[in-house]
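Residue numbers (our numbering), protein chains in the order written: chain H, 5 to 263; chain A, 5 to 263.
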């Protein structure tokens, strides 16, 4: 009966920046027709699931509910929800609305003087003062969490600093290793499996980036499908020690009757 | 006839934060009486030499001219002055007044779109936008310079991010190694020797931090004097492979008749 669910990356797999990838919409429609589950799993912590679902519907012809979106913001909040007891839920956040809302929804409160956790994600309004508060709190004993290690993200001018670059600053200034949540770490995958109620052998991870999407699938013991519509190139992936389970140039190549 | 000049570190050696170290003032007065040269060599790029000299005079009983101050800002500007031709002097700076003034004084102009150099130093007003411009410029081919690698500096609340932490963000987001100027690198020492017109065997480097002050002296082949008034402890320094030339608990122990 094949895979019960598909975990699918967003940028590079489902769309490229603002450009639609039509094969991705057809791929999603097939999954929906077969009544399998879908979860879009993304390292972007800045957006809310509502925003992501609305963008997919409005701009990329993909009609899914916000419950089908799993961001590194949600994964961070779900991980901390497991990890934290109810008396210690003060968090200092470097991040945007997606991350802040996810933490508030899980019963965390914001505190900049004496937090239990410092969470660092992408924040296009980050300042020295925010870094100062994060560093002081981690040096003072707060648990240090990074949403994801991505060094860059694309914008209209080029490759600008990603969440991982902000994490590096705090890491160097505190000499502490953060707990990292996003792909290629397995935490986000485990949290997404928990949410969807399946085990890793029932799901295939679909993405364009070997070093994040595919590595995350491999790290959690999941089958993987790489699509060469984005960042990774077949010539480079073929050199990796552990290959993706499946490789396609476009998601149209995927034969649902076989999986 | 002994050493012709003394290179002396500031914080931890000459004063501790706002607290005067009286032995340092006596040490400087002896050097002045003997008509030897003095250069205060500091990794702080945020202040102008005028400010540093004024602070020494007003608060620490040390009467020196601004020409006796050599900051990593001046060293960066002097290094780039040697390195850059006159047609390519556009620089994008993450830094404060000390660094900006030093670069302007050496004929550099500020440019955020297409600079030849990106210089990253401590900037307590740094923002995501500044990091974005620095990262885009380095990725676009600008030469990447870091004033100094210090991970932290002390303020009234604790150890906050230092210049090196800001450099790390840009390094991770560009995957480029910067040219580092400040202690323990030898560039600042070579520039200071150039300025004072002496060679490394004519000067002794005086400081409290083995890993910056003393390492810089060692790296440039200079004799070194560690004073245990600041960061490094004798018990740790004694474990190093290369010991300082001289070790004292206070600068009052230094016997000028022997050196």
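Glycine residues also receive a C-beta, built at the ideal position from the N, C-alpha and C atoms.
I'd like the ranges of any beta strand (DSSP E) spanning at least 3 consecutive residues and lying wholly in the stretch 67-146 of chain H.
With a minimum length of 3 residues, the continuous beta strand (DSSP E) runs that stay inside the stretch 67-146 of chain H are 73-75, 94-98, 121-124.
Helix, strand or coil: which one does DSSP assign to residue 250 of chain A?
What you label residue 250 of chain A is simply residue 246 of the second chain in a count that begins at 1. Residue state, collapsed to three classes: strand.
Just to confirm, is the Cβ distance from residue 269 of chain H to residue 178 of chain H under 7 Å?
Given that chain H is displayed from residue 5 to residue 263, the structure contains no residue 269 of chain H and the question cannot be resolved.
Using a Cβ-Cβ cut-off of less than 7 Å, list which residues of the stretch 14-42 of chain H approach chain D; keep chain order.
Note that chain D does not occur in the displayed structure, where the protein chains are H and A.
Output the boundary residues of the beta strand (DSSP E) element that contains residue 229 of chain H.
Stepping through the first chain from its first residue, residue 229 of chain H is reached at position 225. 227-231 is the extent of the beta strand (DSSP E) around residue 229 of chain H.
Are the C-beta atoms of residue 165 of chain A and some chain H residue less than 7 Å apart?
Along the second chain, read from residue 1 onward, the residue named residue 165 of chain A stands at position 161. Yes, contact with chain H.
Straight-line CA distance for residue 113 of chain H to residue 94 of chain H?
Reading the first chain from its first residue, position 109 is the one you call residue 113 of chain H. Reading the first chain from its first residue, position 90 is the one you call residue 94 of chain H. Cα to Cα, the separation comes out at about 5 Å.
Looking at residue 72 of chain A and residue 152 of chain A, is the spacing between their C-beta atoms short of 7 Å?
If you number the second chain from 1, residue 152 of chain A lands on position 148. If you number the second chain from 1, residue 72 of chain A lands on position 68. Not a contact, by the Cβ cut-off of 7 Å.
Note the first and the last residue of the continuous beta strand (DSSP E) segment covering residue 42 of chain A.
Here residue 42 of chain A refers to the residue found at position 38 when the second chain is read from its first residue. Note, residue 42 of chain A: beta strand (DSSP E), 41-46.
Below 7 Å between beta carbons: does that hold for residue 228 of chain A and residue 188 of chain A?
By 1-based counting over the second chain, the position of residue 228 of chain A is 224. By 1-based counting over the second chain, the position of residue 188 of chain A is 184. No; because the gap between Cβ atoms is not below 7 Å, this pair is not in contact.
Can you pull the chain A neighbours of residue 156 of chain H, defined as C-beta to C-beta under 7 Å?
For this step, residue 156 of chain H is matched to residue 152 along the first chain. Per Cβ cutoff of 7 Å: 177.
Under a Cβ-count criterion, where at least 16 other Cβ atoms within 10 Å of its own Cβ denotes burial, should residue 87 of chain H be classed as buried or exposed?
Counted from its first residue, the first chain places residue 87 of chain H at position 83. Residue 87 of chain H comes out exposed.
Would you say residue 78 of chain A and residue 44 of chain A are within 7 Å of each other, going by their C-beta atoms?
For the purposes of this step, residue 78 of chain A is taken as residue 74 along the second chain, with counting starting at 1. For the purposes of this step, residue 44 of chain A is taken as residue 40 along the second chain, with counting starting at 1. Cβ atoms of residue 78 of chain A and residue 44 of chain A: not closer than 7 Å.
Is residue 162 of chain H close to chain A, meaning its C-beta is less than 7 Å from at least one C-beta of that chain?
Residue 162 of chain H sits at position 158 when you count from the first residue of the first chain. Interface residue, yes.
Rounded to whole angstroms, what's the CA-CA distance from residue 186 of chain H to residue 193 of chain H? Just pull it up for me.
For this step, residue 186 of chain H is matched to residue 182 along the first chain. For this step, residue 193 of chain H is matched to residue 189 along the first chain. One C-alpha to the other measures close to 8 Å.
State the DSSP-derived secondary structure class of residue 240 of chain A, mapped to helix, strand or coil.
Here residue 240 of chain A refers to the residue found at position 236 when the second chain is read from its first residue. Correct three-state label for residue 240 of chain A: helix.
Around the Cβ of residue 196 of chain A, are there at least 16 other Cβ atoms within 10 angstroms (buried) or fewer (exposed)?
Translated into the one-based positions of the second chain, residue 196 of chain A becomes position 192. Residue 196 of chain A is buried by the Cβ-count criterion.
Report yes if the C-beta distance between residue 190 of chain H and residue 224 of chain H is below 7 Å; otherwise report no.
Within the first chain, numbered from 1, the residue matching residue 190 of chain H stands at position 186. Within the first chain, numbered from 1, the residue matching residue 224 of chain H stands at position 220. Yes, the pair counts as a contact, with Cβ atoms nearer than the cut-off.
From the DSSP output, in three-state form, read off residue 61 of chain H for me.
Within the first chain, the letter at position 57 stands for residue 61 of chain H. Reduced to three states, the DSSP call for residue 61 of chain H is helix.
Could you tell me whether the stretch 158-173 of chain A touches the stretch 124-136 of chain A, where touching means 3 or more Cβ pairs closer than 8 Å?
Yes: the two stretches touch, three or more of their Cβ pairs being nearer than 8 Å.
Report all residues from its chain with a CB closer than 6 Å to the CB of residue 32 of chain H; omit the five preceding and five following residues, and keep chain order.
Reading the first chain from its first residue, position 28 is the one you call residue 32 of chain H. 66.
Would you mind working out which of A/222, A/238, A/261, A/235 sits nearest residue 249 of chain A, comparing C-alpha positions?
Looking up residue 249 of chain A in the second chain gives position 245. The residue with the shortest Cα to Cα distance from residue 249 of chain A is A/222.
Quick one: grab the DSSP three-state call for residue 256 of chain H.
On the first chain, position 252 is the one that residue 256 of chain H refers to. Three-state DSSP puts residue 256 of chain H in a helix.
Is the beta carbon of residue 122 of chain H sitting closer than 7 Å to the one on residue 146 of chain H?
Position 118 of the first chain, counted from the first residue, corresponds to residue 122 of chain H. Position 142 of the first chain, counted from the first residue, corresponds to residue 146 of chain H. Yes, these two residues count as a Cβ contact at 7 Å.
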